[in-house]
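A.B. asks:
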Amino acid sequence: TPSFSLRQMEKVRKYGGAVSKLYKEEGVASTKAAAYRAKIREWISSLSSSDQSIDRDELLECMWQLAYYPAARSAQMDDHLRLVLSLLAGELLLMTPPACAIFVYVGDLHRYQETPLSSRFARLYYTRAMMEDPEAARPLNQLSIMMDSLPAVRCLLQAATCSKKFRVTERNLEGRLVKMKHSPIPSLVRIATLIEGAIGEKRAGEEQFTTAAKEWTEALKEFAKEMRGEERKDKSPSPTSNDSSQQPEDILLQLHCLSLAAGVAHSSNSLALIDLIHSSLLIVLEGVKEKEEEVIKIGSRRRRASDSDEEQRVISDRRRRGSDDDEDVLPGEKDADQSDESPAAGAAATVSPLVLGGLSVALEWIQRVDEGRTKGDAKYAQTKVMKEKMKLEQIVNLVLQRLNEVEGLRERVDSLADPTLAKKTLIQWRVVERLRGGEGEEGRGIREWMAYWTARIIANEEGSIHQSPTDFVPRNDHSIMRKMAELQMKSNKSVRPMSVVLQANVLERRLGKIRSLADRSHLIWYVPASELAHLDATKSASKAARDALRFIETEQHTRLRVLPSGGIAEALARATAENAPVALLSLDTAKDSSSLPPNTQCLHVDTFAHSYK
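To convert, note that position 115 of the sequence shown is 850 in my numbering; the numbers rise steadily by one, no gaps.
#1: Between Leu-878 and Arg-858, how many whole angstroms is the CB-CB distance? I'm expecting something under 8 angstroms.
#2: What is the rounded straight-line gap between the Cα of Lys-1274 and the Cα of Leu-1267?
#3: DSSP on Arg-1296, reduced to helix/strand/coil?
#4: Buried or exposed: where does Gly-1302 fall if 16 or more other Cβ atoms within 10 Å of its Cβ makes it buried?
#5: So what does Gln-1336 bridge to, in DSSP terms?
#6: Could you check what DSSP says for Lys-968 in three-state terms: helix, strand or coil?
#7: When the Cα of Ala-753 is compared with those of Ala-806, Arg-873 and Gly-842, which residue comes out closest?
#8: Compute the Euclidean distance between the alpha carbons of Leu-757 and Ile-1249, then round it to the nearest angstrom.
#9: Assuming Ile-1259 is part of the beta strand (DSSP E), what are its boundary residues?
#10: For Ile-920, does the count of other Cβ atoms within 10 angstroms reach 16, so buried, or fall short, so exposed?
#11: Starting from the C-beta of Leu-1338, find all residues in its chain whose C-beta is less than 8 angstroms away, skip the five residues before and the five after it, and write them out in chain order.
#12: If the criterion is Cβ atoms closer than 7 angstroms, does the pair Leu-1295 and Pro-1263 meet it?
#13: My understanding is that Ser-898 touches Glu-870, with C-beta atoms under 8 angstroms, so please give their C-beta distance in whole angstroms.
#14: Between Leu-1252 and Leu-1258, which are expected to be in contact by the criterion C-beta below 8 angstroms, what is the C-beta distance as a whole number of angstroms?
#15: Check the C-beta distance from Leu-908 over to Val-888 and give it rounded, since I have them as a contact under 8 angstroms.
#16: Apart from the five residues on each side of it in sequence, which residues of its chain come closer than 7 angstroms, Cβ to Cβ, to Ala-1310?
#17: So Glu-1243 packs on Ser-1277, CB below 8 angstroms; how close in whole Å?
#18: CB-CB under 7 angstroms to Ser-918, same chain, minus the five flanking residues each way: which ones, in chain order?
#19: Alpha helix (DSSP H) containing Met-882: first to last residue?
#20: Quickly, what does DSSP pair Lys-899 with across the bridge? List them, please.
#21: If you reduce the DSSP assignment to three classes, tell me which class Ser-1265 lands in.
#22: Have a look at Thr-862 and Cys-890 and give me their C-alpha separation to the nearest angstrom.
#23: Identify whether Ser-1275 lies in helix, strand or coil by the three-state DSSP scheme.
#24: Here's a check: name, in chain order, each residue in its chain whose Cβ is nearer than 6 angstroms to the Cβ of Leu-1270, leaving out the five neighbours to either side.
#25: In angstroms with no decimal places, state the Cα-to-Cα distance between Asp-792 and Ala-834.
#26: Measuring alpha carbon to alpha carbon, tell me which residue in Gln-848, Leu-820, Met-865 and Leu-823 is nearest Ala-836.
#27: Could you tell me the boundaries of the beta strand (DSSP E) in which Ser-1234 lies?
#28: Relative to the C-alpha of Arg-902, which residue among Glu-1305, Arg-911 and Arg-873 is closest?
#29: Return the chain-ordered list of same chain residues with a C-beta closer than 7 angstroms to the C-beta of Ser-1328, the five sequence neighbours on each side being excluded.
#30: With DSSP run on the structure shown, which of helix, strand or coil describes Glu-1331?
#31: I'd like to check one pair, Ala-802 with Gly-751: are the Cβ atoms closer than 7 angstroms?
#32: Going by beta-carbon coordinates alone, are Ala-996 and Ile-930 separated by less than 7 angstroms?
#33: Report yes if the C-beta distance between Tyr-860 and Phe-838 is below 7 angstroms; otherwise report no.
#34: Asp-792 lies in the alpha helix (DSSP H); which residues open and close that run?
#35: So, for Leu-829: in the same chain, excluding its five sequence neighbours on each side, which residues have a beta-carbon less than 8 angstroms away from its beta-carbon?
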């Protein structure tokens, strides 16, 4: 009833105020405050299930501001209290069902720790929040805090186009643009001025709007020509020069920001702007082609140089030993089996994010034209607008042809079947691309992985983005990039993840297998307090117990949950209450399975680990 809901909301505010008071009196590690936080979470969960009229996001925001943010802010000032941030994040992740706001709060808690690992986890949880609610602006606003200059502006422009606004997005965008206008780099000053020109003024008159849009378009065209001239002028024959290879990325990033700015200002009905997007995308694709050719040349030069150095070394060694009768084995013959990867394949993998970025911008504008036409806008019925749309569709076809050239995608990119789904997926890709590594194997793997999934969605193959591309991502790669990729793609919202309860003897004797299983993001791990106490009691005499405790401390940042009280039975009951499949990992299944509650199963740890190889 409404009166019941109001009473519960008052309880949340009352106990939230009590928690804030306890922080001031007893500190952020107060056990009484932890108990109050548990009551607040319980009430919010009960309200969400009993009263559909309650605004759960409003309750979560009240809980965050009163019970969690003060503790997080205090812990942020002291390195010794960073564990408090991890405990608070674990408490929030226990709340069901998952919500966009919860993932944003957990991302904030990781961001406050200010370590490289916690920053990566913060990006992960902000991305998870976007997947829960693609129309929410807050995750993008928080992501922009972790970025610099133009990438941050792009994130804020994306947030400004979301239907669920965040109160400080516009203010943050204005602040970023002001900083860019004071930058010593002329290109940043110019692009900030252009973005402000697109979204700054509200023009009522059609004639004034057309004139301003034309002036803005001409200025942008000059800017694009100027940038391309700088690209050719600054090219250097040095293989280590990266200035020219970065130019297509810069153009694409600026083009995307200006495209988003036009969308924020609702100026996408300008024929001149559509023509600008078309011409600029052609510049980007041409720059991508030039970059690919340069990467191939650099790779060939480096390979020839390494082969020449190796040959000189072999000849000098033979002369020093005086063994001219030895068989002459050239480096190319010696390493023939190890040099199958051609420079062309590496170049295709390097430029695939650029090609996908151009595809995403073209899809955005195609959808804008279609939406305006279906809503009855007379401007979109003009023949000229339809011709510009056809030009953009030609760019899409060119991009798909380029994707066909990337190894592993030739069979999968067939047609643009669902532009809406493709646009949504590519919006997610533009954020996830910030997670990619450098130029090594890890960076190449994440780029190919994202290219695979984007092409698969565009080709409208069976399956969804929540399924794992097991035939593409190597299972033996346990890097942080793989963890984030699997966590993002395997989190199927319609299926609850499996919960696994761990015993102390399993952690001590099978820690290696548990470590390999920890990368499976669809598993939630529970360690009862009794098992943790057993490990703590034996750590002085047992190295295995110390290793297990270290593993628990590390994995608490992800999906491992240490229950504050109780034993195996309480942990099984807790996991069963979340309506998830539950299993107890054991070394003696005959003994442990006799006392299991309903809807649980006892699995031998070796059999369980073998099933995931």
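Using N, Cα and C, we set each Cβ at its ideal position, and we do this for glycine too. These numbers come from a predicted model, not from an experiment.
C.D. replies: From the atom records:
#1: The residue you call residue 878 lines up with position 143 of the sequence shown. The residue you call residue 858 lines up with position 123 of the sequence shown. So it is a contact: roughly 7 angstroms between Cβ atoms.
#2: For the purposes of this step, residue 1274 is taken as residue 539 along the sequence shown, with counting starting at 1. For the purposes of this step, residue 1267 is taken as residue 532 along the sequence shown, with counting starting at 1. Spanning the two alpha carbons is a distance of roughly 11 angstroms.
#3: Your numbering for residue 1296 matches position 561 in the sequence shown. It is a strand residue.
#4: Within the sequence shown, residue 1302 is the residue found at index 567, counting from 1. Label assigned to Gly-1302: exposed.
#5: For the purposes of this step, residue 1336 is taken as the residue at position 601 of the sequence shown. Beta-bridge pairing links Gln-1336 to Ala-1318.
#6: By one-based count along the sequence shown, residue 968 stands at place 233. Because the pLDDT at Lys-968 is just 44, under 50, the model does not fix this residue reliably, and the value given afterwards should be weighed accordingly. Note: Lys-968 maps to helix in three-state DSSP.
#7: For this step, residue 753 is matched to residue 18 along the sequence shown. Residue nearest to Ala-753 within the set Ala-806, Arg-873 and Gly-842 is Ala-806 (criterion: CA-CA distance).
#8: Position 22 of the sequence shown, counted from the first residue, corresponds to residue 757. Position 514 of the sequence shown, counted from the first residue, corresponds to residue 1249. Roughly 38 angstroms separates the two Cα atoms.
#9: Residue mapping note: residue 1259 aligns to position 524 of the sequence shown, counting from 1. From DSSP, the beta strand (DSSP E) with Ile-1259 extends over 1258-1262.
#10: By one-based count along the sequence shown, residue 920 stands at place 185. Ile-920 should be labelled exposed.
#11: The count along the sequence shown starts at 1 and reaches residue 1338 at position 603. Within the same chain, Leu-1338 has close Cβ partners Ala-1318, Leu-1319, Leu-1320, Ser-1321 and Thr-1324.
#12: The sequence position of residue 1295 within the sequence shown is 560, counting from 1. The sequence position of residue 1263 within the sequence shown is 528, counting from 1. Not a contact, by the Cβ cut-off of 7 angstroms.
#13: For this step, residue 898 is matched to residue 163 along the sequence shown. For this step, residue 870 is matched to residue 135 along the sequence shown. Indeed, because the Cβ distance is near 4 angstroms, the residues count as touching under 8 angstroms.
#14: In the sequence shown, the residue the question calls residue 1252 occupies position 517. In the sequence shown, the residue the question calls residue 1258 occupies position 523. The C-beta distance from Leu-1252 to Leu-1258 rounds to 7 angstroms, short enough to fall under 8 angstroms.
#15: Here the question's residue 908 lines up with position 173 in the sequence shown. Here the question's residue 888 lines up with position 153 in the sequence shown. About 7 angstroms; that satisfies the 8 angstroms criterion.
#16: The count along the sequence shown starts at 1 and reaches residue 1310 at position 575. Counting only Cβ-Cβ distances below 7 angstroms, and skipping sequence neighbours, we find Ser-1234, Val-1236, Tyr-1261 and Val-1317.
#17: Sequence index remark: in the sequence shown, residue 1243 carries index 508 (1-based). Sequence index remark: in the sequence shown, residue 1277 carries index 542 (1-based). Contact flag correct, Cβ pair sits at about 7 angstroms.
#18: For the purposes of this step, residue 918 is identified with residue 183 of the sequence shown, where counting begins at 1. Around Ser-918: Val-924.
#19: For the purposes of this step, residue 882 is taken as residue 147 along the sequence shown, with counting starting at 1. Segment: none, Met-882 is in no alpha helix (DSSP H) and carries neither H nor E.
#20: To locate residue 899, count along the sequence shown from 1; it is residue 164. BP columns for Lys-899 point to Ala-871.
#21: As a position in the sequence shown, residue 1265 is number 530, starting the count at 1. The answer is helix: DSSP assigns Ser-1265 an H, G or I state.
#22: Along the sequence shown, one-based indexing puts residue 862 at 127. Along the sequence shown, one-based indexing puts residue 890 at 155. Using only the alpha carbons, I get a separation of about 12 angstroms.
#23: Within the sequence shown, residue 1275 is the residue found at index 540, counting from 1. It is coil, neither helix nor strand.
#24: Counting from 1 along the sequence shown, the entry for residue 1270 is found at position 535. Excluding sequence neighbours, Leu-1270 sits near Ala-1239, Ala-1280, Ala-1283 and Leu-1284.
#25: Walking along the sequence shown from the start, residue 792 turns up at place 57. Walking along the sequence shown from the start, residue 834 turns up at place 99. Those two C-alpha atoms are separated by around 8 angstroms.
#26: Residue 836 sits at position 101 when you count from the first residue of the sequence shown. For the residues Gln-848, Leu-820, Met-865 and Leu-823, the minimum Cα distance to Ala-836 belongs to Met-865.
#27: Residue numbering aside, residue 1234 sits at position 499 when the sequence shown is read from its first letter. From DSSP, the beta strand (DSSP E) with Ser-1234 extends over 1233-1236.
#28: Locating residue 902 in the sequence shown gives position 167, where the first residue counts as 1. Of the candidates Glu-1305, Arg-911 and Arg-873, the one whose C-alpha sits nearest the C-alpha of Arg-902 is Arg-873.
#29: For the purposes of this step, residue 1328 is identified with residue 593 of the sequence shown, where counting begins at 1. The residues are Cys-1337.
#30: One-based indexing of the sequence shown puts residue 1331 at position 596. Note that residue 1331 is Leu in the sequence shown here, rather than Glu. The answer is coil: DSSP assigns Leu-1331 none of H, G, I, E or B.
#31: Working through the sequence shown from its first residue, we reach residue 751 at position 16. Working through the sequence shown from its first residue, we reach residue 802 at position 67. Taking 7 angstroms as the Cβ cut-off, Gly-751 and Ala-802 qualify as a contacting pair.
#32: Walking along the sequence shown from the start, residue 996 turns up at place 261. Walking along the sequence shown from the start, residue 930 turns up at place 195. Yes. Within cutoff.
#33: Translated into positions along the sequence shown, residue 860 becomes position 125. Translated into positions along the sequence shown, residue 838 becomes position 103. Yes, they are a contact pair.
#34: Taking the sequence shown and counting its residues from 1, one reaches residue 792 at position 57. Unbroken alpha helix (DSSP H) run through Asp-792: 791-798.
#35: Numbered from its first residue, the sequence shown carries residue 829 at position 94. Cβ neighbours of Leu-829 beyond the five flanking positions: Arg-776 and Arg-1296.
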